[in-house]
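What the sequence shown shows, in the UniProt record's numbering, is residues 1 to 729, in sequence order.
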Amino acid sequence: MNRVKLSLRESDEKKYQDWPFAILFIVNFGVIFVLMASLGVNAVKSNNNLRDSLSDNNMKNLAGVASAMATLAMTVAVMMTKMIPSYARGMIIFVLWSNFGVAITFAGIGIAIGDYILLAMNRRKSRGAAACIAECLLSFLESIIKYFNRWAYIYVGIYGYSFMQAGSSVSQLFLQRGFTALVNDDLVRIVIRLTAIGVGLICAGVGAVVAELSEAFTFESSTSFVVGFSVALTPLAVISSSVATIFVCFAEDPAPFQRSHPELYAALAQGWHSLHPECIISVAPQYLFIMSDEEEYDFDYSDEDEDMEDAEAAVQIENAYYSAKQLLEGEPPRREEALGALAQVLELQNEQTDWGFKALKRIVKLLFELQRHDEAMRRYEELLGYTKTAVTRNVGEKGINSILDFNWEILQRFYETTLETLKEARNERLWFKTSVKLGNLLYEIGDFSRLTKIIKELLASCSDEDADDGVRKNSQLLEVYALQIQMYTAQKDNKKLVSIYEKALRTKSGVAHPKIIGVIHECGGKMYMMQREWDKARSDFFSGFKSYDEAGEPRRLQCLKYLVLANMLSESQVNVFDSQEAKPYENDKEIVAMTKLTDAFLHDEIKTFEQVLNRNQETIMDDPFIKHYIDSLLRTIRSKVLLKIIKPYRRMDTQYIARELNGIPLSEVESLLSALVLDKKIEARIDQVHHTLVLLDRKPEKFQTSIQGWCDALYKFHSLTMDRIGTGM
Numbered sequence: 001m002n003r004v005k006l007s008l009r010e011s012d013e014k015k016y017q018d019w020p021f022a023i024l025f026i027v028n029f030g031v032i033f034v035l036m037a038s039l040g041v042n043a044v045k046s047n048n049n050l051r052d053s054l055s056d057n058n059m060k061n062l063a064g065v066a067s068a069m070a071t072l073a074m075t076v077a078v079m080m081t082k083m084i085p086s087y088a089r090g091m092i093i094f095v096l097w098s099n100f101g102v103a104i105t106f107a108g109i110g111i112a113i114g115d116y117i118l119l120a121m122n123r124r125k126s127r128g129a130a131a132c133i134a135e136c137l138l139s140f141l142e143s144i145i146k147y148f149n150r151w152a153y154i155y156v157g158i159y160g161y162s163f164m165q166a167g168s169s170v171s172q173l174f175l176q177r178g179f180t181a182l183v184n185d186d187l188v189r190i191v192i193r194l195t196a197i198g199v200g201l202i203c204a205g206v207g208a209v210v211a212e213l214s215e216a217f218t219f220e221s222s223t224s225f226v227v228g229f230s231v232a233l234t235p236l237a238v239i240s241s242s243v244a245t246i247f248v249c250f251a252e253d254p255a256p257f258q259r260s261h262p263e264l265y266a267a268l269a270q271g272w273h274s275l276h277p278e279c280i281i282s283v284a285p286q287y288l289f290i291m292s293d294e295e296e297y298d299f300d301y302s303d304e305d306e307d308m309e310d311a312e313a314a315v316q317i318e319n320a321y322y323s324a325k326q327l328l329e330g331e332p333p334r335r336e337e338a339l340g341a342l343a344q345v346l347e348l349q350n351e352q353t354d355w356g357f358k359a360l361k362r363i364v365k366l367l368f369e370l371q372r373h374d375e376a377m378r379r380y381e382e383l384l385g386y387t388k389t390a391v392t393r394n395v396g397e398k399g400i401n402s403i404l405d406f407n408w409e410i411l412q413r414f415y416e417t418t419l420e421t422l423k424e425a426r427n428e429r430l431w432f433k434t435s436v437k438l439g440n441l442l443y444e445i446g447d448f449s450r451l452t453k454i455i456k457e458l459l460a461s462c463s464d465e466d467a468d469d470g471v472r473k474n475s476q477l478l479e480v481y482a483l484q485i486q487m488y489t490a491q492k493d494n495k496k497l498v499s500i501y502e503k504a505l506r507t508k509s510g511v512a513h514p515k516i517i518g519v520i521h522e523c524g525g526k527m528y529m530m531q532r533e534w535d536k537a538r539s540d541f542f543s544g545f546k547s548y549d550e551a552g553e554p555r556r557l558q559c560l561k562y563l564v565l566a567n568m569l570s571e572s573q574v575n576v577f578d579s580q581e582a583k584p585y586e587n588d589k590e591i592v593a594m595t596k597l598t599d600a601f602l603h604d605e606i607k608t609f610e611q612v613l614n615r616n617q618e619t620i621m622d623d624p625f626i627k628h629y630i631d632s633l634l635r636t637i638r639s640k641v642l643l644k645i646i647k648p649y650r651r652m653d654t655q656y657i658a659r660e661l662n663g664i665p666l667s668e669v670e671s672l673l674s675a676l677v678l679d680k681k682i683e684a685r686i687d688q689v690h691h692t693l694v695l696l697d698r699k700p701e702k703f704q705t706s707i708q709g710w711c712d713a714l715y716k717f718h719s720l721t722m723d724r725i726g727t728g729m
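Below, the structure is given as structure tokens:
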């Protein structure tokens, strides 16, 4: 932030030290402070108030001592001037013109004079109209001086200005650069004072309570309020000064401020642009960091100058973009003027930047709105060039998709014109590919009525099969089936979905793309999930995952999540990630939550299972398909844990079961028990009056029955053998 200034002042600053004058100033101030303190102590001892203590004699004595100390200080200064002329001369110039502490003292003279005059007027008992007017004017003048000094001190502290130079800079800040509007929007001081008042009121309340409860001493609420207000206001003043300093840095040196604090700079710039666009447009040329022509430099800072020029250019580009955006947000929007302002953004940049990409994106949309399609296409081609190097892949994709979504009607006309031309040219293969792309776009936007028409045309093109081209026809038919299956899945038309799915399975895949096979199996898995056939769903999801993985399709991760879900719902004890295909994705950030769910499910850890669900709401619950089956998944694992809990017992308290199942409602426990009884997994009676589960005598299990039959057969064989041996003997 500091500006480079090589002048005589800096050489004097290095050559001289101001410790003699600092000592004189401290001694002078200390003596006056001691006198004031003794005066206050005297007033307390004499049980007089402060006004009585400030009598004419006391004031004369105090003024006499202060005058004597000032005279002594000046005498010593003159003696030093005579003794060490060059040293004293340099010190006087340095202290009175450049020193920060003396600048503050000099600035406080006006405030001190005003306070003294007001004190003297308050001591007068006559309250005439002229005196009241004079008192009001002096109070107003004092507040102006304090407010002006607040900004002047910032320039003195940051740039090392003298008080005079700081005052000139403050005037330029408000009068020439339009920052009056920005400072008027600064509500920090109001908030700080309201906070201090709140603290004072709290202290007043505490004081009132203490005075009511204590008999040892009296404690006035007004005194508590003053103390609390003062204590709170003093540290909060630092915040007000910090905000003012940020405003000055933002106004004087935006380029370095942007480099050091980009986020804060962006927030200030955007807020200023939105509230005062006319102000930024008028002062934009002065808004940059510009060195004065009157300053001279003896050093070469070529690298820093280049960086500064780049920063200035970036600020200019940003200002031009926001100015154009402001024109579009007006009522009515000035599109033609905005086009010119956006074109200026492209002219200002030396190379392709993010701001150029944003400007081109708005230009393309504006040209489409103005029905200037040819020019829009040229700009669109220019925009596509930015996606290669100037912006990230995600930003480029979002920008292109926003234009395609914005201008869907024109894009639709492109497809229709292309299809008509291809049909006339009898280019069936390209016509088929284009129709499928149009169908996928219609599926993405949910236009199922038009998608149905496209599917009928595609099926008609595949119905006339050629013996020599049967493999290609089958592959095309699978593409149509995949599109049709996706539509029926989105519509939840399970009857039609089953029919098309079976047709797709009976069709030979030929050379169909693995992605098409993956789509068919994924939708098949969803179909089986709706039918609650978990094992079949698990098998289809696994086939779909392998096909997606073979094609390098990003949807493989989503399909893997569905596979994990189906595996848990089927109550399988096999870990999905033990397979060779799924193992590499076990620690993927999108799959990690499902991996933890699987571990908790296999080990029947109900608390861990629910914790993983609660901590990964965005990852798991954002998918509507998974969210639909979460309740079923919870019932499945709770049923597994419940069976383990009741296994050793004949009679149990259902409230205890509810606590063991992580505190679920008692009604849900009874629902789970009823389902287990109906599924013949347990034989029990539920006593809802006494909240008791009574387990009945269990029938022998199949394994035990088989063992018993085997033992009986062995016994018969043994008996028959012994009989034969006995007969032979």
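All residues carry an ideal CB built from backbone N, CA and C; glycine is no exception.
Spatial neighbours of residue i in its chain, beta-carbon cut-off 8 Å, leaving aside the 5 residues before and after
{"i": "Leu604", "result": "Looking at the sequence itself, residue 604 is Asp, so the reference to Leu does not match. Closer than 8 Å at Cβ, skipping near neighbours: Ile637, Lys640, Val641, Lys644."}
{"i": "Trp710", "result": "none"}
{"i": "Thr598", "result": "Val564, Asn567, Met568, Asn575, Val576, Phe577"}
Span of the alpha helix (DSSP H), counted from its first residue to its last, around residue i
{"i": "Ile686", "result": "It is not in any alpha helix (DSSP H) - Ile686 instead sits in the beta strand (DSSP E) that spans 684-687."}
{"i": "Lys515", "result": "514-530"}
{"i": "Ser435", "result": "428-445"}
{"i": "Met621", "result": "Met621 -> no alpha helix (DSSP H), and no H or E assigned at all."}
{"i": "Ile637", "result": "630-646"}
{"i": "His603", "result": "His603 -> no alpha helix (DSSP H), and no H or E assigned at all."}
{"i": "Thr389", "result": "373-389"}
{"i": "Tyr548", "result": "534-551"}
{"i": "Lys561", "result": "555-569"}
{"i": "Leu370", "result": "Where Leu370 is concerned, there is no enclosing alpha helix (DSSP H), given that its DSSP letter is neither H nor E."}
{"i": "Ile664", "result": "No alpha helix (DSSP H) contains Ile664, which DSSP labels as neither H nor E."}
{"i": "Gln573", "result": "It is not in any alpha helix (DSSP H) - Gln573 carries neither H nor E in the DSSP assignment."}
{"i": "Phe448", "result": "448-463"}
{"i": "Gly330", "result": "Where Gly330 is concerned, there is no enclosing alpha helix (DSSP H), given that its DSSP letter is neither H nor E."}
{"i": "Glu336", "result": "335-348"}
Those residues which DSSP pairs with residue i across a bridge
{"i": "residue 734", "result": "Look at the range of the chain in this structure, 1 to 729, and you will see that residue 734 is not part of it."}
Cut-off 6 Å between Cβ atoms - residues of its own chain near residue i, not counting five sequence neighbours on either side
{"i": "Glu522", "result": "Gly544, Cys559"}
{"i": "Val206", "result": "none"}
{"i": "Glu369", "result": "none"}
Status (buried if at least 16 other CB within 10 Å, exposed otherwise) for residue i
{"i": "Ser667", "result": "exposed"}
{"i": "Arg532", "result": "exposed"}
{"i": "Arg538", "result": "buried"}
{"i": "Met652", "result": "buried"}
{"i": "Trp534", "result": "buried"}
{"i": "Glu294", "result": "Annotation note: pLDDT 34 at Glu294 (below 50); position unreliable, coordinate value reported separately. Under this definition Glu294 is an exposed residue."}
{"i": "Thr476", "result": "For the record, residue 476 in the displayed sequence is Gln; it is not Thr. That one is buried."}
{"i": "Tyr649", "result": "exposed"}
{"i": "Ala713", "result": "exposed"}
{"i": "Asn319", "result": "buried"}
{"i": "Lys546", "result": "buried"}
{"i": "Thr489", "result": "buried"}
{"i": "Met529", "result": "buried"}
{"i": "Ala675", "result": "exposed"}
{"i": "Val694", "result": "exposed"}
{"i": "Leu383", "result": "buried"}
Contacts around residue i, its chain only, beta-carbon distance under 7 Å, and the 5 residues preceding and following it disregarded
{"i": "Met487", "result": "Tyr443, Phe448, Leu451"}
{"i": "Leu236", "result": "Ile192, Thr195, Ala196"}
{"i": "Asn47", "result": "With a pLDDT of 48 at Asn47, under the threshold of 50, the predicted position of this residue should be treated as unreliable, though the coordinate-derived value follows. Within the same chain, Asn47 has no close Cβ partners at all."}
{"i": "Ile620", "result": "Ala593, Leu613, Ile626"}
{"i": "Lys503", "result": "Tyr481"}
{"i": "Lys358", "result": "Tyr321"}
Point to revise | Cβ contact check for the region 578-594 and the region 609-628: 3 or more pairs under 8 Å | key: yes
Review point. Between the region 321-335 and the region 374-385, do at least 3 Cβ pairs fall closer than 8 Å?
Key: no
Check your understanding: Do the region 310-328 and the region 359-366 meet, that is, are 3 or more Cβ pairs less than 8 Å apart?
Key -> yes
Check your understanding: Between the region 455-463 and the region 495-511, are three or more C-beta pairs nearer than 8 Å?
Key -> no
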